[in-house]
Each structure stands twice: as C-alpha cells, then as structure tokens.
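Using my numbering, the letters of the sequence shown correspond one by one to residues 1 to 279. Even for Gly, the Cβ is constructed at its ideal location relative to N, Cα and C. Nothing here was measured: the structure is a model prediction, and the numbers come from that model. Structure, as structure tokens:
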Amino acid sequence: MLIKEPEIYSDETLIIKEKNFTTANVCIVTGAGTGIGRATAIAAAKNQLMVVGLDINEEEGRITQKTARDYGGQMVFIKTDLCDDNDIQNAVKEASKLGQIKYLANIAGIQHVNAIEDFPMEKYDLMHRLMLRAPLLLSKLVIPYMKQSSDGKGVIANMSSIHGHICTMNKPAYNITKFGLRALSQSISAEGKGKIRSFTVSTGFVKTPLADRQIDAQAEQRGISKEDVIKNVMMGTSRVKEMMTPIEVANLIIFGFSQHAKYLVGGDLLFDGGCVLTY
1 MLIKEPEIYS DETLIIKEKN FTTANVCIVT GAGTGIGRAT AIAAAKNQLM VVGLDINEEE
61 GRITQKTARD YGGQMVFIKT DLCDDNDIQN AVKEASKLGQ IKYLANIAGI QHVNAIEDFP
121 MEKYDLMHRL MLRAPLLLSK LVIPYMKQSS DGKGVIANMS SIHGHICTMN KPAYNITKFG
181 LRALSQSISA EGKGKIRSFT VSTGFVKTPL ADRQIDAQAE QRGISKEDVI KNVMMGTSRV
241 KEMMTPIEVA NLIIFGFSQH AKYLVGGDLL FDGGCVLTY
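Put into structure tokens, the structure is as follows:
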C-alpha cells in the first residue's frame with residue numbers, strides 16, 4: 001500500500017481576497033519540490049503572490065514552477081541547499097529583487113525513524129540544520145525586508161506537526177524539530193510588535209512522499225505489516241481515518257497569511273482529525 005501524492009485540482013485551492021496578495025509581494029516557500037511545499041507554492045501563486053520556491057531537488061522544483069505558471073500564477077524556482085548558509089543568503093537576495101518580501105513558509109523537512117539509543121547523530125545534525133536552523137536563518141534574513149515594507153508587516157509560517165504536541169517512539173529528531181518550530185514562531189511573534197506575525201500549522205499524516213518513505217522503517221521496527229502501520233500507527237488515534245492532502249494543508253497556510261488571521265500571533269493551527277485532543 002503506497003501513499004500517493006495527489007494531483008492538485010484548481011477548485012481545491014482556497015482563494016482569498018487580500019490587499020497584500022499581489023505580485024508586488026514575494027512569498028518564499030521552502031521544500032517547494034514536493035508535498036506540502038509544492039502545494040503551498042502553487043496555492044500562493046494562485047492567490048496572486050510572487051512565489052519564490054526553494055528546494056534542493058531542481059527537477060521537481062521546476063515541475064512545481066511550471067504547474068504554478070500553468071494556473072496563471074507567478075513563480076520563480078531557485079535551487080537551494082538549505083544546509084548551506086551561502087545558498088540561503090543568495091536565495092533571499094534573489095527573492096528581494098522580485099518584489100517586497102512579505103511572506104515566508106518554512107516547510108522543508110525529512111524523516112528518520114530510529115530509537116534514541118540507535119539514532120545516528122549525523123542524521124540528527126542534518127535534520128536540525130534543515131528543519132530548525134534554516135528556518136531561523138531565513139527568518140533572520142527576511143524580517144528586515146518585511147520591516148521595510150510600506151506597512152512594516154510580514155508573516156512567517158512554520159510547518160509543525162502533531163509531533164510538535166505529542167511525541168511518538170523512534171522519532172526523536174523529528175519530535176525535537178517540530179516542537180522547536182513552535183518555539184520559533186512564538187519567538188518571532190514575541191519580537192514582532194504585532195506587525196511581524198508567525199504561526200505554525202500542525203497536522204497528522206499527510207499524503208506526501210515523506211509519509212510514504214517511513215512506512216517500511218515503521219513496519220520493520222514495530223514488527224507489523226505496512227498496512228498495519230498506516231491503519232494503526234499513522235491513523236490509529238485520528239478520528240478521521242483519511243490522511244489530509246497537501247493542498248488542504250497549503251490552504252491553512254494561505255489563511256494564516258491573510259488579514260483574516262491577524263490574531264494568529266505565535267499560535268498553532270492544529271488540524272489533526274482529533275488525534276491529539278481526543279487521544
């Protein structure tokens with residue numbers, strides 16, 4: 001049983017009438033090559049923002065760029081290694097040439113499933129650098145641009161997880177980074193004086209390549225079948241027995257960017273099918 005990333009259909013995207021959703025304003029999206037990052041880049045482009053997508057996977061990033069443009073949006077893809085500070089700095093500099101940086105969506109992430117006693121520290125270092133350090137550095141670099149905008153406002157979205165609320169076995173690095181992203185959003189908001197907002201989105205399992213790739217490891221380590229991993233581990237405590245789609249998550253980010261979310265300051269959008277609060 002595979003978790004196939006679904007196609008994004010035009011009528012699934014949340015479109016919001018928002019004065020700041022214009023091609024004069026730039027939205028940077030990390031992890032734009034696949035999954036939630038791809039969906040967010042496309043949704044932002046469809047909402048008339050100038051999107052700058054970042055990903056190390058150039059082939060998939062170009063596909064996202066083409067899809068966004070096919071929908072009538074504006075998107076530029078920049079191949080970026082988020083573990084390389086120079087790459088990040090260059091990406092932000094290039095993005096600033098395309099308009100006013102107003103939005104940042106930190107979505108890129110990877111997974112490694114292993115118990116703490118066996119967890120390879122080089123893998124932890126990679127996950128920390130990609131999933132916590134890069135979002136902090138990107139935030140550090142874009143906030144000055146946001147402050148220079150006409151209204152001095154900007155919004156930073158960080159992709160957390162139910163694993164930013166509860167911890168499950170064999171995912172120490174992932175748990176740590178997702179809790180850390182909630183702390184980053186709250187820190188940005190604490191310093192933002194009501195103008196620079198940040199928030200997190202926390203979901204359960206989403207139909208993405210990241211979710212699909214961990215099924216084998218979960219099955220082996222728990223001694224159960226792949227079908228049981230999906231049914232009893234991934235969806236076991238969710239009251240909704242269907243994984244979210246990437247565009248459903250992207251729509252939450254678009255809402256969080258909009259004027260309708262002005263009180264979403266350091267908060268978390270927990271859309272988990274009841275997994276956490278009805279545990």
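Check	Outcome
With residue 42 as the anchor, note down where its beta strand (DSSP E) starts and where it stops.	Unbroken run through residue 42 is the alpha helix (DSSP H), 35-46; no beta strand (DSSP E).
So, helix, strand or coil for residue 239, using DSSP?	coil
Tell whether a beta-carbon distance below 8 Å holds between residue 21 and residue 49.	yes
Who are the Cβ neighbours of residue 153 in its own chain at under 6 Å, not counting the five residues just before and after it?	195
According to DSSP, which residues form a beta bridge with residue 81?	Partner(s): none; residue 81 has no beta bridge.
Excluding the 5 residues flanking residue 275 on each side, which residues of the same chain have their C-beta closer than 7 Å to its C-beta?	162, 204, 237 and 238
Please classify residue 65 as buried or exposed, where buried requires at least 16 neighbouring CB atoms within 10 angstroms.	buried
Does the structure place the region 159-177 close enough to the region 111-120 that three or more beta carbon pairs sit under 8 Å?	yes
For residue 74, list the residues DSSP reports as bridge partners.	50
For residue 1, which three-state DSSP category applies?	In this prediction, residue 1 scores a pLDDT of 46, lower than 50, which makes its location untrustworthy; no coordinate-derived value is stated.
Identify, in the order they occur along the chain, each residue of the same chain with its Cβ nearer than 7 Å to the Cβ of residue 96, setting aside the five sequence neighbours on each side.	145
By how many angstroms is the C-alpha of residue 127 removed from the C-alpha of residue 111?	8 Å
For residue 259, which residues does DSSP report across the bridge?	Residue 259 pairs with nothing; no bridge assigned.
Return the first residue and the last residue of the alpha helix (DSSP H) that residue 186 is part of.	172-191
Which residue or residues does DSSP assign as beta-bridge partners of residue 105?	29 and 157
May I ask you to report which of helix, strand or coil DSSP gives residue 116?	helix
Over the uninterrupted beta strand (DSSP E) stretch that includes residue 201, give me the two end residues.	196-203
Starting from residue 125, trace the alpha helix (DSSP H) in both directions and tell me its first and last residue.	121-128
For the putative contact between residue 130 and residue 82, defined by C-beta atoms under 8 Å, what is the C-beta separation to the nearest angstrom?	5 Å
Once you ignore the five residues that flank residue 245 on each side, which residues in its own chain have a CB closer than 6 Å to its CB?	6 and 207
Can you round the beta-carbon distance between residue 107 and residue 159 to whole angstroms, since I take them to be within the 8 Å contact cut?	4 Å
Report yes if the C-beta distance between residue 247 and residue 13 is below 8 Å; otherwise report no.	yes
Quick one: is residue 9 buried, meaning 16 or more other Cβ sit within 10 Å of its Cβ, or exposed?	exposed
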